[in-house]
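A short worksheet on the structure shown next.
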Amino acid sequence: EPEVTQTPSHQVTQMGQEVILRCVPISNHLYFYWYRQILGQKVEFLVSFYNNEISEKSEIFDDQFSVERPDGSNFTLKIRSTKLEDSAMYFCASRQDPSGANVLTFGAGSRLTVL
Amino acid sequence: GESVGLHLPTLSVQEGDNSIINCAYSNSASDYFIWYKQESGKGPQFIIDIRSNMDKRQGQRVTVLLNKTVKHLSLQIAATQPGDSAVYFCAEINSGSARQLTFGSGTQLTVLP
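What follows is the structure in C-alpha cells.
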C-alpha cells in the first residue's frame, strides 16, 4: 500500500538552530500538508501546499517556518531558528486531487526535540 | 471560535464489548468528517469517513453516526480487540480549497483483557 515517508524519525537540536524535516508524499497525490502534535495534545494544522505554492497556513506557521518541494518528490518543512516550544511530532500528509478522495494519508511523523 | 472536540478523554472497555467514542463539532459548514486512529509513536490512520448529507456509514467492525441537529459524531467499534487500543480523533474538513483537516482533542481507548 502506498505510504507517506518522513525523515528523520527523531531529531534533537539546540534552540536557535535550523531544522529541515523531509517528506516523500504518495506519488500521485497533489495536495501536501504539514501538521504538528505537541505531546499529549491534538494534531494541529500548519500548512497546505498545492501547485508549488502555499494554499493555506495557520497562525502557527509564522515567518520562522517555510515549505518547499524542491525536486518534485520531497516536500520539506524548514524551521529557521528553533524555539523550545517547537518541540513536537511533525506529520506530513498528502491527498489526491479534488476529484479524488478527501482522505489525507499521514506519515509516521518526525519527532523534534529542541533543547 | 469554531472547533471540533471530544466529550471524553479516556475510555476503557472489555475485550469483545462494543465501544462508542463521541465527538462534538461546532462548524455547521463542515461537509465531511473523518475518524482517525493513532497508535503510540505513529501517525494518524484513516478509519472511516462520512459526508454531511449522510447520517450513518458502516465499515468493517466500525460505524460512524452523524447527527447534524446536535452537531454530534460518534464512532462505534464492534467486538473491540486489543489492537483497537489507541487514541481516536474525529476531524472535520473545511469547505476551503485546500480541504484541510481540523482535529478534535482525541479519546484514548484502552481495551482490557
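Here the protein sequences come in this chain order: G and S. The numbering used here applies: residue 18 is where the first sequence begins, and numbers increase by one. The numbering used here applies: residue 245 is where the second sequence begins, and numbers increase by one. Even glycine gets a Cβ: it sits at the ideal position worked out from N, Cα and C.
Please say whether S/Ser-318 and S/Leu-309 have beta carbons closer to each other than 8 Å?
-> Yes, they are a contact pair.
Where the beta strand (DSSP E) through G/Phe-78 begins and ends = Per DSSP, G/Phe-78 belongs to no beta strand (DSSP E) and is neither H nor E.
Beta-carbon separation of G/Ser-127 and G/Gln-28 under 8 Å?
-> yes
Own chain, CB closer than 6 Å to S/Asp-299, minus 5 neighbours either side, in chain order | For S/Asp-299, where only same-chain residues beyond five positions count, the Cβ hits under 6 Å are Leu-310.
Could you please give the first and the last residue of the uninterrupted beta strand (DSSP E) stretch that includes G/Leu-132?
-> Neither: G/Leu-132 is in no beta strand (DSSP E) and is coded neither H nor E.
Ignore the nearest five residues each way along the sequence and tell me which others in G/Arg-97's own chain have a CB closer than 6 Å to its CB.
-> Glu-35 and Gln-81
Establish whether the CB of G/Tyr-107 and some CB of chain S are separated by less than 8 Å.
-> So no, G/Tyr-107 is outside the interface.
In chain order, what residues of the same chain lie with their CB nearer than 7 Å to the CB of S/Ser-274, ignoring the 5 residues before and after it?
-> Ser-296, Glu-336, Ile-337 and Asn-338
Spatial neighbours of G/Lys-74 in its chain, beta-carbon cut-off 6 Å, leaving aside the 5 residues before and after | The answer, listed in chain order, is Val-64.
In three-state DSSP terms, what is G/Leu-38?
-> strand
Sequence-distant residues of its chain with Cβ nearer than 7 Å to S/Gly-327 (five each side left out) = none
Alpha carbon to alpha carbon, how far is G/Thr-22 from G/Phe-92? Give it in angstroms, no decimals.
-> Taking the straight line joining both Cα atoms gives about 10 Å.
Three-state secondary structure (DSSP) at S/Gly-260?
-> In the three-state reduction of the DSSP assignment, S/Gly-260 falls in the coil class, being assigned neither a helical nor a strand state.
Is DSSP giving G/Val-29 helix, strand or coil here?
-> strand
Would you list, in chain order, the members of the stretch 281-292 of chain S that have their beta-carbon closer than 9 Å to a beta-carbon of chain G?
-> Result list: Gln-282, Gly-285, Lys-286, Gly-287, Pro-288, Gln-289 and Phe-290.
If you count every other CB in all the chains shown that lies within 10 Å of the CB of G/Pro-25, and 16 or more means buried, which is it?
-> So G/Pro-25 ends up on the exposed side.
Does the beta carbon of S/Leu-345 come closer than 8 Å to any beta carbon on chain C?
-> Of the protein chains in this structure, namely G and S, none is chain C.
Under a three-way DSSP split, which group does G/Val-121 fall into?
-> Here residue 121 of chain G turns out to be Leu, not Val, going by the sequence shown. Here G/Leu-121 sits in coil by DSSP.
What in chain S is Cβ-close to G/Lys-59, meaning under 8 Å?
-> Phe-333, Phe-347, Gly-348, Ser-349 and Gly-350
Which term fits G/Met-106, buried or exposed, when burial requires 16 or more other beta carbons within 10 angstroms of its beta carbon?
-> It counts as buried.
List, in order along the chain, the chain G residues whose C-beta lies closer than 8 Å to that of S/Tyr-276?
-> By Cβ distance, chain G contributes Asn-119.
Under the DSSP definition of a beta bridge, which residues are partnered with S/Asp-293?
-> Partner residues in the beta bridge of S/Asp-293, as assigned by DSSP, are S/Ile-278.
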